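Line order of the protein sequences matches chains A and B.
First residue of the first sequence? That's 183 in the working numbering, and the numbers climb one at a time after it.
First residue of the second sequence? That's 183 in the working numbering, and the numbers climb one at a time after it.
The structure appears below as structure tokens.
Number of protein chains: 2
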Amino acid sequence: MAVTLKQICEEAGVSKATVSRVLNNHPLVSKETREKVQEVIQRLKFTPNALARNLSLRRTDTIGVLFPWIFNGFFSTLLRGVDSAASELNYHVITSLSHDAGDENAMASRLLKERRIDGLILMAPSLPADQIEELKSIDVPLVVLQREIADPEVNSVSVDNFDGGLKATAHLIERGCRRILAIAGPQGSLDSDRREAGYREALKQADIAFDPDLLIRSNFNKETAFTSFENFRRRFAMPDAIFCFNDEIALGMLKYLKTIGVRVPEDVALIGFDGIEFTEFAELSTLTMPMQEMGRQAVRLLIKQIECKEKRTAEQLLLKGAVVERNSTRRRS
Amino acid sequence: MAVTLKQICEEAGVSKATVSRVLNNHPLVSKETREKVQEVIQRLKFTPNALARNLSLRRTDTIGVLFPWIFNGFFSTLLRGVDSAASELNYHVITSLSHDAGDENAMASRLLKERRIDGLILMAPSLPADQIEELKSIDVPLVVLQREIADPEVNSVSVDNFDGGLKATAHLIERGCRRILAIAGPQGSLDSDRREAGYREALKQADIAFDPDLLIRSNFNKETAFTSFENFRRRFAMPDAIFCFNDEIALGMLKYLKTIGVRVPEDVALIGFDGIEFTEFAELSTLTMPMQEMGRQAVRLLIKQIECKEKRTAEQLLLKGAVVERNSTRRRS
DNA sequence: TCCTTGCTTGGAACCGGTTACACTAGCATA
DNA sequence: TATGCTAGTGTAACCGGTTCCAAGCAAGGA
């Protein structure tokens, strides 16, 4: 059995209250008592039981991070940001991957209602609004990550999709491309819509008319992107450039274009969105999101909520990404 | 304030003990009582407080997973395996990344001694033996991941490095390569040594004499690998194939060879080790380790230890990897 | 000298569950 | 009818801390 506070107080000849005060650096303890107690603590190698402490204090110093099963490339970088910020602020991190889509709520509310965590960071790009509503109702600190949220009562940290769409497109335009094919996400995806708005804005700023034929859709994965793209090819000439709304699509396209003999960047420039690590190896230009920073900010926002109880208005952070230029958009010489 | 067990028992007109029995499906409760209590639980939306429960039961249903900061490609896949196995067995997962090397112990023992976790999965490829010794002394269930351990008292799950080295080399030999350069890890790395042994065994089986000049060393990263390789090039002719002892080196080499005009696989075949995801995009052949399965097995081993208290002899699982053939070792036609 | 004040300290309740043990009632057995 | 057993339930201690409140005690002021 581990050493407990009781053993310490018996050994030191003081009460539990006093030992507890020493542990928490309470000022109202005389110097001699404090030193005596500390000596015993050292000698018996006492570490207070966090469970008991948490039960008393009604807090766990732990935050939950809920990720979707799929979110591959981001995952580690984001979690890294979360973990580093959390550990700096002396919090622990419970991770949980939702296995089935729709699982999120059950897992989240279980963690929350069982009081295992003080707050939750939720990364669920496809979580429907009503589920968020439900989570909100549990009334525990919550930060939604990587999902621009309309609801002003929900704290969120997200990449500025509009700004990103604009920058990526502008980058292609600067390289001399004018017929820029956008492979967007599904209808109704807020992320996709905002990126599209940025894309259009960049065109407008360059006095290029928006051509609806040059915007095709996917489900943010390569398979659906391929189908759309082949459809496009049958009807139209190859564009100057392709702006894929995420890196998975872009990486898939890169490979695919090679197989059909289209050279990147000589025949067509290609840019992705997200900045997953693989893009570096693939020499793919992309708009990188500051994932680690997003993780850090999410933690900060969450802990701010946890530590000051009075209801504060929610914050919605929008972090800006940046274009990383690699071979796939190198200027044709 | 959340609903507590006390409120349930008052509302249902029974004692705490009875409510607790209902919650835990204890058989000694009459049907009527059980139903009445359950109805109240439903109606008041009661969820028992895990902290209180844990304190009483002296267990947390939580395992810790400690990763090094660097272990990129593996990270998500491994964690995925851990998470899925843990959640199937009704355990939670606390993750922690050690930020500074050497941090591991402090973090691990803090989690363990504070009784926040019931056991620990430690992934620390570079953890010195004496630190493991120290962790062992805390005497809490522990599984070491991805590190062949000499100590028979420590449970571990690891890839079979010998088998992997053998298979990767044999794969190259089958493709007709005979001068096979191995870019190994540092001296004294158990992983590297075992892979090397496999490499040598494969050569021996093919009646190829081992040539010490064809074994160069790195620190398992591209920078040191480059230095060694350039050194090698100045003195010797290009080999038939290169077996890189991890994928990071292999991916770096792939890029590097391209810049110096050496074609893969036409001029030289290239194979990596580990099976990180990027290898797929890079068309790099590699020996993939079953990362997800390793995570799952580690959890299983750990929970087996947690749940049967009598000291059992430690198990050391060695999972075998498999060669995934991609373009970088495609047979020259 | 007596009372007030402030610093230390201890007693005991509390956080929200689990469970060993005691107790009661009902029924079968002797 | 007395006895033993069992099923169902309640009492109270316990897990290991935190903290409110009261009390002891010495110093300072009236």
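Ideal Cβ placement from N, Cα and C applies to all residues, glycine included.
Model, not experiment: these values are computed from the prediction.
Give a single yes or no on whether R478(A) has its beta carbon closer than 6 Å to a heavy atom of the ligand NAD. Looking at this structure, you won't find the ligand NAD or any other ligand, since it has none at all.
Run through DSSP, which three-state label would F427(B) get? Looking at F427(B) - three-state DSSP - the assignment turns out to be coil, as it is neither helix nor strand.
Tell me the start and end of each unbroken alpha helix (DSSP H) in the segment 397 to 423 of chain A that is at least 4 residues and wholly inside, in chain order. Segments of the alpha helix (DSSP H) lying fully in the segment 397 to 423 of chain A: 404 to 417.
Are G454(A) and T468(A) touching if we call contact CB-CB under 7 Å? Closer than 7 Å, so yes.
Taking CB distances under 7 Å as the criterion, tell me whether T511(A) reaches chain B. No, its Cβ sits nowhere closer than 7 Å to a Cβ of chain B.
Please report the Cβ distance between L363(B) and E378(B), rounded to the nearest whole angstrom; I am assuming they are in contact, meaning their Cβ atoms lie under 8 Å. Between E378(B) and L363(B) the Cβ distance is about 13 Å, and since that is not below 8 Å, they are no contact.
C-beta atoms of L294(A) and N236(B) nearer than 7 Å: Taking 7 Å as the Cβ cut-off, L294(A) and N236(B) do not qualify as a contacting pair.
Environment of L317(B) [buried if 16+ CB atoms lie within 10 Å]: The residue is buried, with at least 16 neighbouring Cβ atoms inside 10 Å.
Anyone know if the C-beta pair for Q474(B) and T259(B) falls short of 7 Å? Cβ atoms of Q474(B) and T259(B): closer than 7 Å.
Buried or exposed for Q487(A), going by 16 or more other Cβ atoms inside 10 Å? Classification for Q487(A): buried.
Return no unless some Cβ of chain A is closer than 7 Å to the Cβ of I276(B). Residue contact check for I276(B) against chain A: a CB pair falls below 7 Å.
Length of the line joining the Cα atoms of S510(A) and R482(B): One C-alpha to the other measures close to 45 Å.
Leaving out the 5 sequence neighbours to the left and right, which residues in its chain are closer than 6 Å to A407(A) when beta-carbon positions are compared? Counting only residues of its own chain and dropping the five nearest sequence neighbours on each side, A407(A) has a CB closer than 6 Å to the CB of I365, S400 and I431.
Starting from the beta carbon of F295(A), find every residue of chain B whose beta carbon is closer than 8 Å, and list them in chain order. For the sequence presented, residue 295(A) should be read as Lys rather than Phe. Here the neighbours are A184 and T229.
Smallest Cα separation from G301(B): which of F249(B), T215(B), T242(B) and A352(B)? The shortest Cα separation from G301(B) among F249(B), T215(B), T242(B) and A352(B) belongs to T242(B).
Taking a Cβ distance cut-off of 8 Å, strictly less, list which residues of the segment 230 to 246 of chain B are near chain A, in chain order. Cβ contacts with chain A: P230, N231, A232, L233, A234, N236, L237, T242 and T244.
As a quick exercise: from G503(A), V339(A), A290(A) and V185(A), pick the residue whose alpha carbon is nearest that of T470(A). The shortest C-alpha separation from T470(A) is found at G503(A).
Per-residue DSSP class, three states only, for P250(A): Strand at P250(A).
Looking at I245(B): is its Cβ nearer than 7 Å to the Cβ of V275(B)? Yes; because the gap between Cβ atoms is below 7 Å, this pair is in contact.
So, is the C-beta of R298(B) closer than 7 Å to a C-beta in chain A? Yes, R298(B) lies at the interface with chain A (some Cβ there is under 7 Å from its Cβ).
At 4 residues or longer, what runs of the alpha helix (DSSP H) sit wholly inside the segment 348 to 400 of chain A? If we require 4 residues or more, the alpha helix (DSSP H) runs fully inside the segment 348 to 400 of chain A come out as 372 to 387.
Using CA atoms only, rank isn't needed, just tell me which of L324(B), S278(B), K198(B) and G195(B) is closest to A496(B). A496(B) has its Cα closest to that of L324(B), out of L324(B), S278(B), K198(B) and G195(B).
For the alpha helix (DSSP H) that I223(A) lies in, which residues bound it at each end? Residues K213 to L226.
For T259(B), does the three-state DSSP call read helix, strand or coil? Looking at T259(B) - three-state DSSP - the assignment turns out to be helix.
With a threshold of 7 Å between beta carbons, is L279(A) in contact with chain B? Taking Cβ atoms only, chain B reaches closer than 7 Å to L279(A), which makes this a yes.
Report, in whole angstroms, the separation of the C-beta atoms of L501(B) and V341(B), which I expect to be a contact under 8 Å. Right, their Cβ atoms sit about 6 Å apart.
Please report the straight-line C-alpha distance between Q189(A) and S238(A), rounded to a whole angstrom. The C-alpha of Q189(A) lies about 19 Å from the C-alpha of S238(A).
Between the Cα of I485(A) and the Cα atoms of R329(A), V204(A) and A267(A), which residue gives the shortest distance? I485(A) has its Cα closest to that of A267(A), out of R329(A), V204(A) and A267(A).
Against chain B, which members of the segment 256 to 277 of chain A pass a CB distance test of less than 8 Å? Contacts with chain B (Cβ-Cβ distance below 8 Å) from the segment 256 to 277 of chain A involve F257, S258, L261, R262, D265, S266, S269, H274, V275, I276 and T277, listed in chain order.
Secondary structure of L210(A), DSSP reduced to three states: Note: L210(A) maps to coil in three-state DSSP.
Mind checking the segment 463 to 490 of chain B against chain A and listing, in chain order, the residues whose C-beta falls within less than 7 Å of any C-beta there? So the list reads F463 and A464, given in the order they occur along the chain.
Would you verify that the beta carbon of L433(A) is, or is not, closer than 7 Å to some beta carbon of chain B? For L433(A), the nearest CB of chain B lies under 7 Å from its own CB, placing it at the interface with that chain.
Return yes when the Cβ of L304(A) is within less than 7 Å of the Cβ of L248(A), no when it is not. For L248(A) and L304(A), yes; Cβs fall inside 7 Å.
Can you tell me whether D389(A) is buried or exposed, with buried defined as 16 or more other CB within 10 angstroms of its CB? Exposed, because fewer than 16 other Cβ atoms sit within 10 Å of the Cβ of D389(A).
Name, please, each residue of chain A whose Cβ falls closer than 7 Å to the Cβ of F392(B). Chain A residues near F392(B): none, gap ~32 Å exceeds 7 Å.
Residues sharing a beta bridge with M305(B), DSSP: DSSP output for M305(B) lists L327(B) as bridge partner(s).
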